[in-house]
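Chemist:
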Amino acid sequence: MLQWSERSPQHWLEFVNHEVCVTARDQQRFEGRVFTVDPVSASVVLVSVQENERPSVRVILGHAVTDVQILGRGTEETERRMKSIFLPSQTQILSAEELKSRRESLRVWLEKNRVPVTEDGEVLRVANALTISAPYGSGDCSCSNEIILARIQSLVESNPGEQQTSHTSESSDNLMRRSDNIC
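Going from the sequence shown to my numbering is simple: count from 1 and add 415.
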């Protein structure tokens, strides 16, 4: 019989979101919901949520795991609750269509402000110096030049197509004048 650490990631995936009992080599037992299993070390990340208490997270190192038994099956609701523990409350899960719409809206906004932008798959590239990844907010910009980064982030935040990320009240004309000096 294969040891836990020698099994495949597909096998480990079967345990995610389920309530389990993990037995370690020293016969110690740990119970909780499997949030994930590290594919490199086979370590199990367990989450326990007691009512009116903060969630408890425990990592059981893969080499110490001898047995994992499912105590209860997870549901979509438990999966949503587990994700909400680790994701900020502002984080939203967007569909592929919503992401495409946001990418297109941002690309049009940048072009309107005379910023050279191209699409490279699901990433927007600005003047071959900056990239913007999904979900296409100001925090998703990546660039080694801080000046370019700050100016593009300012434009991203002022995109009228995305009310959720709009934080400035500058006029479009003012932004167009500023964007002429970006690169």
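Every residue gets a Cβ at the ideal spot worked out from N, C-alpha and C, and that includes glycine.
In three-state terms, what does DSSP make of V452?
Modeler: strand
Chemist: Per DSSP, S463 is paired with what?
Modeler: S471
Chemist: Would you call F430 buried or exposed, if buried means 16 or more other Cβ atoms sit within 10 Å of its Cβ?
Modeler: buried
Chemist: Helix, strand or coil, according to DSSP, for A511 in the structure here?
Modeler: Annotated three-state conformation of A511 is helix, per DSSP.
Chemist: Please list the terminal residues of the continuous alpha helix (DSSP H) segment that includes Q617.
Modeler: The requested residue 617 is not part of the displayed model; the chain covers only 416 to 598.
Chemist: Which term fits E561, buried or exposed, when burial requires 16 or more other beta carbons within 10 angstroms of its beta carbon?
Modeler: With a 10 Å radius around the Cβ and a threshold of 16 neighbouring Cβ atoms, E561 comes out exposed.
Chemist: Should the stretch 478–496 be called in touch with the stretch 509–522, which here means at least 3 C-beta pairs below 8 Å?
Modeler: no
Chemist: So Q552 and V571 are supposed to be a Cβ contact under 8 Å. How far apart are they, rounded?
Modeler: This sequence places Gly at residue 552; Gln is not what is there. Sure, about 7 Å apart at Cβ, within 8 Å.
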